[in-house]
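Here the structure comes first, spelled out in structure tokens, and everything after it is commentary.
Protein chains in written order, with the numbering used here: chain A, 1 to 354; chain B, 1001 to 1354.
Right, dumping it as structure tokens:
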């Protein structure tokens, strides 16, 4: 079968031929429909994040997938069921307390692998196998966009964790800001626009730009961070009740503290490299305390977040899905999915259709 | 009546003579028993925090008080009831949404005053008045130490807010560390020792030292930050599930991120001055995200935290209360309560007894 992988000799995606996998007991065989590409895939390619499976000379890419159950293999799934696979797996199949509790997203380093990212082959293949417990049903009506369940689940988890921090009091947020206008930022902006009176999205692009057009259409206010740095949001627009950081630009974590309104929460999702710089640590510390602020990080997601994401996916308007997906390519032309121009928002590799 | 105040001309506590206040409708008159002194009082004296009531040439100090209802004034309280007053009050008596909800601790600047700190006279006086809603009953058996209800309430709120951040998953913390060995740090260490398998307390004192003796007696491990900086706790001891910062030393806020174990939470309570320094912001950001960490600030507390604190006060062992309170002085010798030597842990001004 065809797979898209990365080898130790090359940092581009490559079309490789591999044997179709056979499901072990408890696993189903899934025929892949589509696999999305995101920033993490680029980091895996350039070697700045993740790592190959032990001893492997290549790793199959891809962690945002949707497929169809081909062989249920006695797992209770039905052939033809559309599913989205979660990402974290037991290392060498050995369970631990985090997997037992259904919270692999909270497992420490070494107690998980991540398909297509850390120590495990991904889903960019004509077929993949997965324990049935990690295959989340997706309605056929949204199968075409089922590869968005994984990124949406990241925001479901981030929102759940961020909002929990405000549970001890009667929080009444009105304004939310997304830092980053990539596909995850735009999807999140749409989600927040359903809940908040006013939303903002920070990027660094000149109009006309397709992501800025989407921000406009969603109803958010576009903020160009070259003109308005994140910590000047309160003066230029307003202090934010909620900030969702999806840039991986380390100063944003610190500027978020100043951009938040009293009692606000900032959730961090970016994964920057080490970078030393100067901050007014005294004022940041003081500000967090005197105004009851919170900074929380979240990574990955688990099954219930995937289930919530399936609900959200069904609510997303068609125009947003159409505008968001800028490239659909077959495995033979996979390079198109990894091009990174300003016109690229979300690229997808299509292996098959329903 | 005798009051202890600070005037605009002097940064030391002064014994002043003022008229006994009369309770307005809804207020009771309270005869003061004891008022504790903490770091905030020192900051008020030196002008680095808080501010005088509008137009006043002095401010009565003190926000950690216990007293006895002298005149219930039709409020439903009973004469002779021991009470601890909360700290935040409606500015000019004008209510707002935060006071309506019973959450004045979440009110923004300008929508509250703080007795003895910001814009309102404190409790270091033979008598004070207070709305009855802000007077929390204290059992007679612990009246002598009722001035600790306010500082304990600060930790009750901090713990409530910090633990809420870990609610979305099955958090099983084992280790906790208090940064700071002042009276609040020591009280908190005792509270955490009741819940955690292992506790630590960070200070910068040479043995023999009375605070280190208390840490030993509680059962915590003393960590000298001159030998083991906070961010080296994981190597020297262990990564911490919970960190409670009560130093106001700004680098501690950042070192906390590294000292936390995966999925850990750090609560910040200190109020440092502006201070620019270099941090590895990329690694901090990365670490918060990849290990699901959280930093949360909390300030002040409200009635339910005072009620929880009254419960905690009744559980504190006698030896700890005895060792903690190093100075009990009358108003005529108030300077003794503001001396700040290594032998001073908690000082109290005693106006009267039951």
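Even glycine gets a Cβ: it sits at the ideal position worked out from N, Cα and C. No experiment lies behind these values; they were computed from the predicted model shown.
In the three-state DSSP reduction, residue 247/A falls in the coil class, being neither helix nor strand. Listed in chain order, the non-local C-beta contacts of residue 1300/B below 7 Å within the same chain comprise 1087, 1088, 1105, local neighbours out to five positions each way being set aside.
Interface residue (Cβ-Cβ distance to chain B less than 9 Å): residue 287/A is classified as such. In this structure, residue 175/A sits near residue 240/A, with a CB-CB distance shorter than 9 Å.
The alpha-carbon of residue 1295/B is positioned some 11 Å away from that of residue 1255/B. Using a Cβ-Cβ distance cut-off of 8 Å, the segment 65 to 83 of chain A and the segment 130 to 141 of chain A are in contact, since at least three pairs of beta carbons, one from each stretch, lie closer than that value. When the alpha-carbon of residue 1004/B is set against those of 1053/B, 1066/B, 1060/B, 1055/B, the nearest one is in 1060/B. Contact annotation for residue 1178/B against chain A: no contact, minimum CB-CB distance about 16 Å [criterion: below 8 Å].
For residue 127/A, the pairing in a beta bridge is given by DSSP as 31/A. Residue 1067/B and residue 1201/B have their C-alpha atoms roughly 32 Å apart.
Interface annotation for the segment 1152 to 1180 of chain B against chain A: 1160, 1161, 1164, 1165, 1167, 1168, 1169, 1170, criterion Cβ-Cβ distance under 7 Å. C-alpha of residue 284/A to C-alpha of residue 330/A: approximately 48 Å in a straight line. Taken residue by residue, none of the segment 28 to 43 of chain A has a beta-carbon sitting less than 9 Å from a beta-carbon on chain B. Every alpha helix (DSSP H) stretch that sits fully inside the segment 26 to 96 of chain A and reaches 4 residues is listed by chain position as 39 to 46. Contact with chain B is found for residue 101/A, since one of that chain's Cβ atoms lies less than 9 Å from the residue's Cβ. Using a CB distance below 7 Å, the part of the segment 102 to 121 of chain A facing chain B consists of 103, 106, 108, ordered along the chain. For residue 240/A, DSSP records a beta bridge to 260/A. Per the DSSP secondary-structure output, residue 200/A pairs in a beta bridge with 177/A, 221/A. By the criterion of at least three beta-carbon pairs nearer than 8 Å, the segment 1163 to 1174 of chain B is not in contact with the segment 1048 to 1065 of chain B. When Cβ-Cβ separations below 9 Å define contact, residue 231/A makes no contact with chain B. With contacts defined as CB atoms closer than 9 Å, residue 184/A and residue 199/A fail to qualify as a contacting pair.
Its Cα nearest to that of residue 1010/B, the residue 1046/B stands out among 1046/B, 1002/B, 1029/B, 1019/B. Rounded to whole angstroms, the separation of the alpha carbons of residue 79/A and residue 316/A is 27 Å. Contact note: residue 1280/B reaches chain A through 274, 275, 276, using a C-beta cutoff of 8 Å and chain order. Scanning the segment 1254 to 1326 of chain B from its first residue to its last, the whole beta strand (DSSP E) runs of 3-plus residues come out as 1260 to 1268, 1276 to 1280, 1294 to 1297. Of the candidates 1019/B, 1049/B, 1024/B, the residue whose Cα lies closest to the Cα of residue 1273/B is 1049/B.
With a threshold of 9 Å between beta carbons, residue 132/A makes no contact with chain B.
Under the DSSP assignment, residue 1149/B falls outside any beta strand (DSSP E), being part of the alpha helix (DSSP H) whose first and last residues are 1149 to 1164. Secondary structure note for residue 1007/B: its beta strand (DSSP E) is the uninterrupted segment 1002 to 1007. Collapsing the DSSP output to three states places residue 1142/B in a helix. Rounded to whole angstroms, the gap between the alpha carbons of residue 1327/B and residue 1247/B is 22 Å. The Cβ atoms of residue 28/A and residue 83/A sit closer than 9 Å to each other. For residue 1210/B against residue 1109/B, the beta-carbon gap comes to about 37 Å, at or over 8 Å, which does not count as contact. Rounded to the nearest whole angstrom, the CA to CA distance from residue 1222/B to residue 279/A is 30 Å. Among the residues facing chain A, residue 1202/B is not included, as its CB has no counterpart in that chain under 9 Å away. Taking the CA atoms as reference points, residue 1333/B sits about 30 Å from residue 1269/B.
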